[in-house]
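Everything below concerns the one structure shown next.
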Amino acid sequence: VLPYWGAFAVSIVGFVLFASSQPMLADMLKHFLDALQKPNDTKFMGVSLVLGVPLLIVLIAVYQGIGSFLGNYYLAKVARGVVHDLRCALFDNLLTLPNRYFDNHNSGHLISRITYNVTMVTGAATDAIKVVIREGLTVVFLFGYLLYSNWKMTLVLLAILPVIAILVSSASKKFRKQSKKIQVAMGEVTHVASETIQGYRVVRSFGGETYEIDRFHRASADNMNRSLGMTRTQSIYTPMLQLVIYVGMAVLMYLVLYLRGDASAGELVAYITAAGLLPKPIRQLSEVSATIQKGLAVAESIFE
Numbered sequence: 006v007l008p009y010w011g012a013f014a015v016s017i018v019g020f021v022l023f024a025s026s027q028p029m030l031a032d033m034l035k036h037f038l039d040a041l042q043k044p045n046d047t048k049f050m051g052v053s054l055v056l057g058v059p060l061l062i063v064l065i066a067v068y069q070g071i072g073s074f075l076g077n078y079y080l081a082k083v084a085r086g087v088v089h090d091l092r093c094a095l096f097d098n099l100l101t102l103p104n105r106y107f108d109n110h111n112s113g114h115l116i117s118r119i120t121y122n123v124t125m126v127t128g129a130a131t132d133a134i135k136v137v138i139r140e141g142l143t144v145v146f147l148f149g150y151l152l153y154s155n156w157k158m159t160l161v162l163l164a165i166l167p168v169i170a171i172l173v174s175s176a177s178k179k180f181r182k183q184s185k186k187i188q189v190a191m192g193e194v195t196h197v198a199s200e201t202i203q204g205y206r207v208v209r210s211f212g213g214e215t216y217e218i219d220r221f222h223r224a225s226a227d228n229m230n231r232s233l234g235m236t237r238t239q240s241i242y243t244p245m246l247q248l249v250i251y252v253g254m255a256v257l258m259y260l261v262l263y264l265r266g267d268a269s270a271g272e273l274v275a276y277i278t279a280a281g282l283l284p285k286p287i288r289q290l291s292e293v294s295a296t297i298q299k300g301l302a303v304a305e306s307i308f309e
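Residues in the sequence shown are numbered consecutively from 6, following our numbering.
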């Protein structure tokens with residue numbers, strides 16, 4: 006990433022803008038409720054709330070849009086550049102390897118590394134990094150706002166973090182193992198296909214069509230089953246994580262209702278709204294774990 010540090014820095018700034026807009030939207034609800042209760046008495050930054058709240062919502066949307074564009078575009082620029090460099094370096098290095106290496110490794114697996122494996126790294130370098138930075142910063146800003154609003158109630162939400170960490174850690178190990186198996190299976194599909202296409206005269210001369218069809222179907226079915234196994238792990242893991250988050254939210258709701266103290270209705274609604282925005286980025290961060298593990302598993306084979 007170092008050659009693209011300028012674009013990377015711009016993307017980080019963009020995602021900081023995007024993430025910081027999330028608590029702003031929650032805070033606007035507090036002013037909106039104040040305006041409902043006392044429309045003419047309350048002012049925000051010297052402007053009547055009746056005008057101020059709608060105007061600020063539009064300004065926040067513009068601010069968020071600028072941040073989203075800068076973050077998404079410049080990070081994509083970095084990621085595409087990294088993948089291009091990686092693919093070219095891999096191909097250039099292949100041509101320097103001794104003949105023995107090509108004798109010991111079939112062409113299908115080598116082609117699979119340049120095409121499929123580098124594409125998987127693209128996923129980790131673009132989508133995954135984007136989600137990690139954007140949603141990670143969103144979680145940080147929302148937690149900061151919650152701590153500022155009511156630190157005692159926020160400690161309840163923090164109590165579920167160790168449970169989330171255990172779930173993410175165990176799932177990541179499974180994803181990495183399954184990714185390596187998918188990678189080998191994909192290499193086998195490419196290998197069988199390239200061998201049959203390159204040697205089609207030999208296959209036809211010996212009447213080997215049925216044998217090759219059977220071999221390809223087996224390789225493809227193996228790849229499909231391994232991919233389904235990974236999807237199954239992800240499909241179980243995400244709802245479990247969501248359940249943990251919503252249990253924390255339920256406890257928080259209980260505390261808000263019974264231990265509200267002297268907080269106004271507007272402050273409580275803003276707090277609950279900000280807390281309600283947390284599950285989405287946390288869920289997206291957990292789902293991206295599979296993409297990162299795929300990228301790391303294939304990166305190992307590329308650097309090897």
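From the three backbone atoms N, C-alpha and C, an ideal C-beta is built for every residue, glycine too.
Being a predicted model, the structure only gives us computed values, none of them experimental.
With a cut-off of 8 Å on Cβ pairs, the segment 88–108 is not in contact with the segment 272–289, counting fewer than three such pairs.
Residue environment for Gln42: exposed (fewer than 16 other C-beta atoms within 10 angstroms of its C-beta). For Arg181, the uninterrupted alpha helix (DSSP H) segment begins and ends at Leu166 to Gln203. Tyr263 and Leu22 have their C-alpha atoms spaced approximately 35 Å apart. Distance from the Cα of Met229 is smallest, within the candidate group Gln247, Gln183 and Ile250, for Gln183.
In the DSSP assignment, Ile116 falls within the unbroken alpha helix (DSSP H) covering Ser112 to Ser117. Short of 6 Å from the beta carbon of Tyr242, and not among the five residues preceding or following it, lie these beta carbons of its own chain, in chain order: Ala176. Collapsing the DSSP output to three states places Asn155 in coil. With distances taken between CA atoms, Val197 lies nearest to Ile218 out of Val207, Ile187, Lys179 and Ile218. When DSSP states are grouped into helix, strand and coil, Leu248 belongs to the helix group. Under a 10 Å Cβ-count criterion, Leu7 is classified as exposed, with fewer than 16 other Cβ atoms of the shown protein chains found around its own Cβ. Relative to the Cα of Lys82, the nearest Cα in the group Leu38, Ala224, Gly113 and Gly11 belongs to Gly11. Assigned with DSSP and collapsed to three states, Val18 falls in helix.
The three-state secondary structure of Thr101, taken from DSSP, is coil. Comparing alpha carbon positions, the residue from Met191, Ile171, Ala40 and Phe148 closest to Leu162 is Phe148. A residue is called buried once 16 or more other Cβ atoms fall within 10 Å of its Cβ, and Leu248, having fewer, is exposed. Residue range Pro284 to Phe308 is occupied by the alpha helix (DSSP H) that includes Ser294. One thing to note: Leu75 has its Cβ within 8 Å of the Cβ of Val15.
DSSP places Gly212 outside both helix and strand once states are collapsed to three, so it counts as coil. Across the structure, Val293 and Asn122 are spaced so that their CA atoms are roughly 17 Å apart.
Asp39 and Ile134 have their C-alpha atoms some 39 Å from each other.
Where Leu273 is concerned, the enclosing alpha helix (DSSP H) starts and stops at Ala270 to Gly281.
Secondary structure at Val58: helix, using DSSP grouped into helix, strand and coil. C-alpha of Leu151 to C-alpha of Leu273: approximately 11 Å in a straight line. Separation of Lys186 and Gly192 (C-alpha to C-alpha, rounded to the nearest whole angstrom) is 10 Å. Here DSSP, grouped into helix, strand and coil, assigns Val6 to coil. A straight line joining the alpha-carbon of Ser225 with that of Ile307 spans about 22 Å.
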